[in-house]
Amino acid sequence: MANPFEYSDPVVGDSFADRKAELQTLTARMLTGQNVVVISPRRYGKTSLILNAQARVRRRGGRTGIANLFWCRTRQDVAQELANAVVRGPLGWLRGRMEEMRRRLGSLPGATLTVEKDGFQVSLSPIKPQSDWTAEIRHVMKLLQDVRSEEHPVSLVIDEFQKVAEIDSALPNLFKSLTDSELRGVSLVMSGSRRHVMHELYAGPGAPLLGVGEMLTLDLVPEADMTAFLLERTRSGGKDMTNEGAALLFARARGVPAYVQRLAFEAFESVDSVIDEAAVERAVATVLKRERQYFEVIYEDLAPNQRSLVRALAVEPARSITSRDFLDRSGLRADSSAQRALAALEAAEKVELGPNGWQVTDPLFALWLARLGLA
0 MANPFEYSDP VVGDSFADRK AELQTLTARM LTGQNVVVIS PRRYGKTSLI LNAQARVRRR
60 GGRTGIANLF WCRTRQDVAQ ELANAVVRGP LGWLRGRMEE MRRRLGSLPG ATLTVEKDGF
120 QVSLSPIKPQ SDWTAEIRHV MKLLQDVRSE EHPVSLVIDE FQKVAEIDSA LPNLFKSLTD
180 SELRGVSLVM SGSRRHVMHE LYAGPGAPLL GVGEMLTLDL VPEADMTAFL LERTRSGGKD
240 MTNEGAALLF ARARGVPAYV QRLAFEAFES VDSVIDEAAV ERAVATVLKR ERQYFEVIYE
300 DLAPNQRSLV RALAVEPARS ITSRDFLDRS GLRADSSAQR ALAALEAAEK VELGPNGWQV
360 TDPLFALWLA RLGLA
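Spelled out as structure tokens, the structure:
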């Protein structure tokens, strides 16, 4: 039988690890025109959650789409990405009806519509010379209101939303204005993985998007739920997993959903019938061996003090990186050096503050550091 675990792409359907409460909440908000701010560390299943919610929304008559701002560098890029997300998402039901789509886009000055093999493609031109693309973004977003109805609620996911602040500090205010006026009744789901930036946008003092929507923060799936998921999925694939094996797998992956699935995939491949603790350890060794070159590049790109810091944190998280004990075991000479290294690593999302103190963000990278002699 096919391996029941998935890790390389966003996970949908039965392979999606247990987030029933979050999925129900997000789906309900999207169907009732409520804005939601989704904040999640990378690899916690944010995109999988969103795609599963969108599938539910569509089954109930909703019209939804997704824009990803990850590659956007300018306001023009944002406008272009939003335009294609709207055309392929909430307006996607018009696929094959070119004239009707052109009519709908008549309110969007400078829009050129073409048909590609995967659907409509829209290209935007500035409304006026030296445009700052504010008007263009407004026109694009107003299309969402135009196609909304009681039978067909409209929603748009804007992923990697923190990019708006990186592109232009005034851009978040534009989206605040849109949600306050033109987009009432339309659900915007603004999701991001750079937690400190997202919190500054939505929850910090003077946050430009304070109160714009309900905040949904993704934490780890509880261990009991995740281990139950592991046992059920393993059985669905015609094999078994021991309770001890599931607990060890959860611990080695530190409960991060994507890494849990990665190790579970390898463990499932390695056995004929039962995944026990030994099989989990073999899976860990296999993954670390395959990722060695990638981890080496990450490590070599770090400054010397940063290397010392992650090596020490890989062995044991620390609540204080300026304590004499930590400085001694990390080899850092001064607390100022440790603080500078920590600030740089946190900004690069290489370390994070966990339940037991500062830790290496990627649990597999931490295992590699600790096991291969770098620590």
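0 is the number of the first residue of the sequence shown in numbering that gives the first Met the number 0; add one for each residue after it.
We put the CB at the ideal spot given by N, CA and C, even for glycine.
Verify whether the separation of the beta carbon atoms of L229 and A263 is less than 8 angstroms. In the sequence shown, counting from the first residue as 1, residue 229 sits at position 230. In the sequence shown, counting from the first residue as 1, residue 263 sits at position 264. Contact check for L229 against A263 passes: the beta carbons are separated by less than 8 angstroms.
Are V85 and L173 closer than 8 angstroms when you measure CB to CB? Sequence index remark: in the sequence shown, residue 85 carries index 86 (1-based). Sequence index remark: in the sequence shown, residue 173 carries index 174 (1-based). No, they are not a contact pair.
Reduced DSSP category for M0 - H, G, I as helix; E, B as strand; rest coil: Working through the sequence shown from its first residue, we reach residue 0 at position 1. If DSSP states are grouped into helix, strand and coil, M0 belongs with coil.
How many Å lie between V168 and S307 at the Cα? The residue you call residue 168 lines up with position 169 of the sequence shown. The residue you call residue 307 lines up with position 308 of the sequence shown. First, the residue type needs correcting, since residue 168 is Ser and not Val in the sequence shown. Each residue's Cα considered, the two are about 35 angstroms apart.
What ranges does the alpha helix (DSSP H) occupy inside the region 153-208, keeping only unbroken runs of at least 4 residues that lie completely in it? 162-166, 170-179 and 194-201
Can you give the Cα-Cα distance for A374 and S319, rounded to whole angstroms? Here residue 374 corresponds to residue number 375 of the sequence shown, with the count starting at 1. Here residue 319 corresponds to residue number 320 of the sequence shown, with the count starting at 1. With a pLDDT of only 43 at A374, under the threshold of 50, the placement of this residue in the model should not be trusted, and no figure is reported.
Reducing DSSP to helix, strand and coil, say where L344 ends up. In the sequence shown, residue 344 corresponds to position 345, counting from 1. L344 falls in the helix class under three-state DSSP.
Just to confirm the assignment, what range does the alpha helix (DSSP H) spanning I297 have? Along the sequence shown, read from residue 1 onward, the residue named residue 297 stands at position 298. Note, I297: alpha helix (DSSP H), R291 to E299.
Mind checking which residues open and close the beta strand (DSSP E) that includes A213? On the sequence shown, position 214 is the one that residue 213 refers to. Just to set this straight, residue 213 is Glu in the shown sequence, not Ala. That run of the beta strand (DSSP E) goes E213 to T216.
Could I get the ranges of all uninterrupted beta strand (DSSP E) runs contained in the region 56-115, with 3 residues as the minimum, in chain order? 62-67 and 110-115
With a 10 Å radius around its C-beta and 16 neighbouring C-beta atoms as the bar for buried, classify A284 as buried or exposed. Start at 1 with the first residue of the sequence shown, and residue 284 comes out as number 285. Counting Cβ neighbours within 10 Å, A284 comes out exposed, since fewer than 16 surround it.
Need the endpoints of the beta strand (DSSP E) that F15 sits in, please. On the sequence shown, position 16 is the one that residue 15 refers to. Counting along the chain, F15 falls outside any beta strand (DSSP E), and DSSP gives it neither H nor E.
Exposed or buried, which one is T111 when buried takes at least 16 other CB atoms within 10 Å? For the purposes of this step, residue 111 is taken as residue 112 along the sequence shown, with counting starting at 1. Exposed, because fewer than 16 other Cβ atoms sit within 10 Å of the Cβ of T111.
Distance CB(G205)-CB(M197) smaller than 8 angstroms: Position 206 of the sequence shown holds residue 205. Position 198 of the sequence shown holds residue 197. Between G205 and M197, the C-beta spacing is not below 8 angstroms.
Quick one: give me the first and last residue of the beta strand (DSSP E) that I38 is part of. Numbered from its first residue, the sequence shown carries residue 38 at position 39. Annotation for I38: the continuous beta strand (DSSP E) segment containing it runs V35 to I38.
Quick one: Cα of L375 to Cα of R28, how far? Outside the modelled stretch of the chain, which goes from 0 to 374, sits residue 375, for which no answer is possible.
Nearest to R42 (by Cα), restricted to the options A282, E295 and T360: For the purposes of this step, residue 42 is taken as the residue at position 43 of the sequence shown. Nearest of A282, E295 and T360 to R42, Cα basis: T360.
One question on the structure: do L142 and R94 come within less than 8 angstroms of each other, judged by their Cβ atoms? Residue mapping note: residue 142 aligns to position 143 of the sequence shown, counting from 1. Residue mapping note: residue 94 aligns to position 95 of the sequence shown, counting from 1. Not a contact, by the Cβ cut-off of 8 angstroms.
On the CB-based measure, 16 or more other CB atoms within 10 Å of its CB, does F69 come out buried or exposed? Counting from 1 along the sequence shown, the entry for residue 69 is found at position 70. By the 10 Å Cβ count, F69 comes out exposed.
Secondary structure at G44, three-state DSSP: helix, strand or coil? Reading the sequence shown from its first residue, position 45 is the one you call residue 44. Correct three-state label for G44: coil.
Work out the CA separation of I136 and P108 for me, nearest whole Å. Residue numbering aside, residue 108 sits at position 109 when the sequence shown is read from its first letter. Residue numbering aside, residue 136 sits at position 137 when the sequence shown is read from its first letter. Straight-line Cα distance between these residues: approximately 11 angstroms.
What number of angstroms, rounded off, separates the C-alpha of E315 from the C-alpha of P354? For the purposes of this step, residue 315 is taken as the residue at position 316 of the sequence shown. For the purposes of this step, residue 354 is taken as the residue at position 355 of the sequence shown. A direct Cα-to-Cα measurement between E315 and P354 gives close to 12 angstroms.
Starting from E351, trace the beta strand (DSSP E) in both directions and tell me its first and last residue. Sequence index remark: in the sequence shown, residue 351 carries index 352 (1-based). According to the DSSP assignment, E351 belongs to the beta strand (DSSP E) that extends over V350 to G353.
Take R96 as the anchor and find which of V114, L81 and H151 has the nearest alpha-carbon. By 1-based counting over the sequence shown, the position of residue 96 is 97. Comparing C-alpha distances from R96 to each of V114, L81 and H151 shows the shortest one belongs to V114.
Look at the alpha carbon of T26 and the alpha carbon of E98, and state the distance between them as a whole number of angstroms. The residue labelled residue 26 in the question sits at position 27 within the sequence shown. The residue labelled residue 98 in the question sits at position 99 within the sequence shown. Each residue's alpha carbon lies about 32 angstroms from the other.
Whose C-alpha, out of S176, P362 and P171, is nearest the C-alpha of E199? As a working mapping, residue 199 is identified with position 200 in the sequence shown. Selected option, being the one with the closest Cα: P171.
Unbroken beta strand (DSSP E) run spanning V121, endpoints: Start at 1 with the first residue of the sequence shown, and residue 121 comes out as number 122. Where V121 is concerned, the enclosing beta strand (DSSP E) stretches over G118 to L123.
8 angstroms CB neighbourhood of R370 in its chain, flanking five on each side removed: Position 371 of the sequence shown, counted from the first residue, corresponds to residue 370. So the list reads L287, once near-sequence residues are dropped.
What separation, rounded to the nearest whole angstrom, lies between the Cα atoms of K19 and S47? Working through the sequence shown from its first residue, we reach residue 19 at position 20. Working through the sequence shown from its first residue, we reach residue 47 at position 48. Cα-Cα distance, rounded: 12 angstroms.
Rounding to the nearest angstrom, what Cα-Cα distance links A317 and V273 in this structure? Taking the first residue of the sequence shown as 1, we reach residue 317 at position 318. Taking the first residue of the sequence shown as 1, we reach residue 273 at position 274. Whole-angstrom Cα-Cα distance: 36 angstroms.
Count the other CB atoms within 10 Å of the CB of V296; is the residue buried (16 or more) or exposed (fewer)? Indexing the sequence shown from 1 puts residue 296 at position 297. The residue is exposed, with fewer than 16 neighbouring Cβ atoms inside 10 Å.
When DSSP labels each residue in this structure, what does I136 get in the three-state scheme? As a first step, residue 136 is located in the sequence shown; it is residue number 137 there, counting from the start. In the structure shown, I136 sits in a helix (DSSP, three-state: H, G or I).
Proximal residues to E243 (C-beta, below 8 angstroms), its chain only, five neighbours per side dropped: Here residue 243 corresponds to residue number 244 of the sequence shown, with the count starting at 1. Result list for E243: D275 and E276, in chain order.
Measuring straight from C-alpha to C-alpha, what distance separates T241 and R323? Taking the sequence shown and counting its residues from 1, the one referred to as residue 241 is at position 242. Taking the sequence shown and counting its residues from 1, the one referred to as residue 323 is at position 324. Each residue's alpha carbon lies about 42 angstroms from the other.
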